[in-house]
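Colleague: Chains as they are written, first to last, in this note's numbering: chain A, 1 to 332; chain B, 1001 to 1366. Please see the structure below; I have some questions.
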């Protein structure tokens, strides 16, 4: 599974420009799904299972897009100004490297760096090695993401875009391992989550599920002076989300998820996040409303180029997801 | 999809005396978000004999349909907003003085001393400003909060005005050489363009035209209009700022111009609400190149258009925004170039004529 994660995290695809990661996801799914389609905003939806007695139409959503930068201006000396796509921390950009969708590579730095203060997005620029506007291989509107290799540290893995490609990998792996289910499951690899849950919003309307699960990373509280303060820690198992800043998971679903984890002997932890948002909100607020929850993969350094997850948490997330999807979902 | 379209007079709409007269009527009208009545009446008058179907929905959007001919027609929605930024009277004081609030995004610093027109009767008033000889230097360094400003209508006119009435800047439309000076170019330019496109609707598509309400206060009208139309694709036609004057320090490039006058219609790669569908961007840029129509890419950054809500309606709608650049947006008076207006109309008409089911049969990709 590590090679699948590596393939996905290293594929470029900021919000709105997910076509390469969509191809990678589709290739990884192969013929494991009953049906695959792509919707109006580019989300890929893979269906598996037929609804049987006690079964439901279920949506599982992991987002394919990553944060990135879009070119706003190329100056007369060929330096490239950018704006953010999604929540980019300028501090994590300075000295970093980027890969544009057209293959161009560059270095990000900041002008107007004042000692003791943090740069703003408008201070950033990318140096692609051009010497003038005319010989610059990128133009206004072009996009790039961080470029960093995947690192296998054994118990831990580090890469950019673990948010949310690790969850996409978990969804693909669960789809492959799923043997029998009473449910009709729509695995949605959603687009444009980082700019406001847009792909999941429209995908959920199209799928019209009876229950939904988002799969995303979540912050962990186990680094020095971690803020916000959280119990969630790497290695303590997949996190069952109680709430984040965008939605409160259906308590009936949360209780049911806990029961399934305990019945199958899968380690888990509870997650209370006072920040952030996930596709769970988009599913919950669809049409006349949908009971929604979320399995979160604890992750350090989210939205930096070096996001870290625990290998066992990832494997246990797959096990938990397979367990949940194989059962009739009882909410009452 | 990429064959060159023959352009001849009468096929592609052009800007002439009728179009100037209509834009003058539109920009001089008062239609602040929430009471778009005056512009709605002008729109209905213009389109009632052309559209195959016209509805005014619950929020006041005008929804006009022009059916094309032939099989498998793509349903294309166009949206421009009828509302403008302005003011609302909130409290009456003695002697024809009124407290007011802003409707939509207006910089407070632009208000003192401006002439305004209040209510459906366009009663003239002024946002009072203290004469300079009676101010102190310190006072002049601070901006005045809108709560301290008053619209002065004088006692007689004041009797006809009540809290809840809307008001706008009093600017009147003028043609200045290659330019137009008017208020509410955002988005009466779009409204004017959509009327022309309806009048010259290409026959290969079904054209679903929404003249929307309440865009300036949160893209509200467009959401319900798109839900009703349920289109295959959508283009929002708006006006966007051109902050293209040179920097004070001429050695430093102006790198935050958003768009420039005279550079043609502005196609949006990304704004604060929408990441444009690359298939539609490609259609427009290829049509522009083949037909030698100038265009520019609006700098990605904050701001939004009706596309921001349209693309998220139901199961999603591939969408794009295209705008006519104008200087001094959301102020009393804006400047736009007639050529930019004409080229926006030309680009949209030519592109719409080339829409076919092939366009959306491929997945969204660059």
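Just so you know, even glycine gets a beta-carbon here, dropped at the ideal spot from N, CA and C.
I want to verify the contact list: residues of chain B whose CB lies under 9 Å from the CB of residue 198 of chain A, in sequence order.
Modeller: Those within 9 Å of residue 198 of chain A in chain B are 1274, 1275, 1311, 1312, 1316.
Colleague: Do residue 102 of chain A and the ligand NAD come close, with the Cβ less than 7 Å from some heavy atom?
Modeller: Ligands in the displayed structure: none, and consequently the ligand NAD is not present.
Colleague: Can you give the Cα-Cα distance for residue 208 of chain A and residue 1175 of chain B, rounded to whole angstroms?
Modeller: Using only the alpha carbons, I get a separation of about 53 Å.
Colleague: Checking 8 Å against the spacing of the C-beta atoms, do residue 1212 of chain B and residue 1152 of chain B come in under that value?
Modeller: Result no, Cβ atoms of residue 1212 of chain B and residue 1152 of chain B do not sit closer than 8 Å.
Colleague: Listed from N- to C-terminal order along the chain, which residues in the region 63-97 of chain A have their beta-carbon within a distance smaller than 8 Å of any beta-carbon of chain B?
Modeller: Of all residues in the region 63-97 of chain A, 70, 71, 72, 73, 75, 76, 81, 83, 85 have a Cβ within less than 8 Å of some Cβ in chain B.
Colleague: Mind listing which residues of the region 17-51 of chain A have their C-beta closer than 7 Å to chain B's C-betas, in chain order?
Modeller: Under the 7 Å Cβ criterion, the region 17-51 of chain A contributes 17, 19, 38, 39, 40, 41, 42.
Colleague: So within the region 1098-1182 of chain B, which uninterrupted alpha helix (DSSP H) runs reach at least 4 residues, ignoring any that extend past its ends?
Modeller: Entirely contained in the region 1098-1182 of chain B, the alpha helix (DSSP H) runs reaching 4 residues are, in chain order, 1137-1141, 1155-1158.
Colleague: With burial defined as no fewer than 16 other Cβ atoms inside 10 Å of the residue's Cβ, what is the status of residue 1114 of chain B: buried or exposed?
Modeller: Result: buried.
Colleague: Assuming residue 88 of chain A contacts residue 138 of chain A under a Cβ cut-off of 8 Å, what Cβ separation, rounded to an integer in Å, is found between them?
Modeller: So it is not a contact: roughly 17 Å between Cβ atoms.
Colleague: For a contact defined as C-beta to C-beta under 8 Å, what are the partners of residue 1366 of chain B on chain A?
Modeller: By Cβ distance, chain A contributes 17, 19, 101.
Colleague: Does the beta-carbon of residue 1303 of chain B have 16 or more other beta-carbons within 10 angstroms, so that it is buried, or is it exposed?
Modeller: Residue 1303 of chain B is buried by the Cβ-count criterion.
Colleague: Contact criterion: CB-CB distance below 8 Å. Does residue 6 of chain A meet it with respect to chain B?
Modeller: False, the Cβ-Cβ gap to chain B never drops below 8 Å.
Colleague: So residue 1088 of chain B is in the beta strand (DSSP E); what residue range does that whole segment cover?
Modeller: Per DSSP, residue 1088 of chain B belongs to the beta strand (DSSP E) from 1086-1092.
Colleague: Quick one, which of B/1328, B/1264, B/1237 has its alpha-carbon nearest residue 1340 of chain B's?
Modeller: Here the closest residue by C-alpha is B/1264.
Colleague: Where do the N-terminal and C-terminal ends of the alpha helix (DSSP H) with residue 1349 of chain B fall, by residue?
Modeller: 1338-1352 is the span of the alpha helix (DSSP H), which, as asked, contains residue 1349 of chain B.
Colleague: Is the Cβ-Cβ distance between residue 1345 of chain B and residue 1216 of chain B less than 8 Å?
Modeller: Not closer than 8 Å, so no.
Colleague: Are any of the Cβ atoms in chain B nearer than 8 Å to that of residue 195 of chain A?
Modeller: Judged by the 8 Å Cβ criterion, residue 195 of chain A is in contact with chain B.
Colleague: With respect to the alpha helix (DSSP H) encompassing residue 319 of chain A, which residues constitute its N-terminal and C-terminal limits?
Modeller: It spans 311-326 - the alpha helix (DSSP H) in which residue 319 of chain A sits, taken as one unbroken run.
Colleague: Report buried or exposed for residue 1172 of chain B, applying the criterion of at least 16 other Cβ atoms within 10 angstroms of its Cβ.
Modeller: By the neighbour-count rule (16 or more Cβ atoms within 10 Å), residue 1172 of chain B is not buried but exposed.
Colleague: Would you verify that the beta carbon of residue 1077 of chain B is, or is not, closer than 8 Å to some beta carbon of chain A?
Modeller: Not an interface residue.
Colleague: Tell me which same chain residues have a C-beta within less than 8 Å of the C-beta of residue 1 of chain A, skipping the five on either side of it?
Modeller: So the list reads 169, 173, 314, 315, 318, once near-sequence residues are dropped.
Colleague: Contact check, residue 325 of chain A vs residue 108 of chain A under 8 Å by CB: the rounded distance?
Modeller: About 40 Å separates the two Cβ atoms, so there is no contact after all.
Colleague: For residue 224 of chain A, does the count of other Cβ atoms within 10 angstroms reach 16, so buried, or fall short, so exposed?
Modeller: So residue 224 of chain A ends up on the exposed side.
Colleague: Taking residue 1265 of chain B as the query, report the chain A residues whose CB atoms sit under 8 Å from its CB, ordered along the chain.
Modeller: Chain A residues near residue 1265 of chain B: none, gap ~15 Å exceeds 8 Å.
Colleague: Using beta-carbon positions only, say whether residue 161 of chain A and residue 43 of chain A come within less than 8 Å of one another.
Modeller: No, the pair does not count as a contact, with Cβ atoms beyond the cut-off.
Colleague: Could you pull out every unbroken beta strand (DSSP E) segment of at least 3 residues lying fully inside the region 135-214 of chain A, listed in chain order?
Modeller: You should have 143-146, 156-159, 184-190.
Colleague: When the Cα atoms are used, what is the spatial distance from residue 176 of chain A to residue 104 of chain A?
Modeller: Between residue 176 of chain A and residue 104 of chain A, the C-alpha separation is close to 35 Å.
Colleague: Along the chain, where does the alpha helix (DSSP H) containing residue 1275 of chain B start, and where does it finish?
Modeller: From DSSP, residue 1275 of chain B is part of no alpha helix (DSSP H); its letter is neither H nor E.
Colleague: Does the CB of residue 104 of chain A have a neighbour CB from chain B at under 8 Å?
Modeller: Judged by the 8 Å Cβ criterion, residue 104 of chain A is not in contact with chain B.
Colleague: Out of A/235, A/255, A/230, state which residue places its alpha-carbon closest to the alpha-carbon of residue 244 of chain A.
Modeller: With distances taken between Cα atoms, residue 244 of chain A lies closest to A/230.
Colleague: Tell me which residues share the same chain as residue 1258 of chain B and place their Cβ nearer than 6 Å to its Cβ, disregarding the 5 neighbours each side in the sequence.
Modeller: Around residue 1258 of chain B: 1241, 1243, 1299.
Colleague: Using a cut-off of 9 Å between C-beta atoms, extract the partners of residue 1297 of chain B located in chain A.
Modeller: The contacting residues are 139, 140, 141.
Colleague: For a contact meaning CB atoms closer than 8 Å, what does residue 1300 of chain B contact in chain A?
Modeller: Going along chain A in sequence order, the residues near residue 1300 of chain B (Cβ under 8 Å) are 70, 71, 72, 83, 140, 141.
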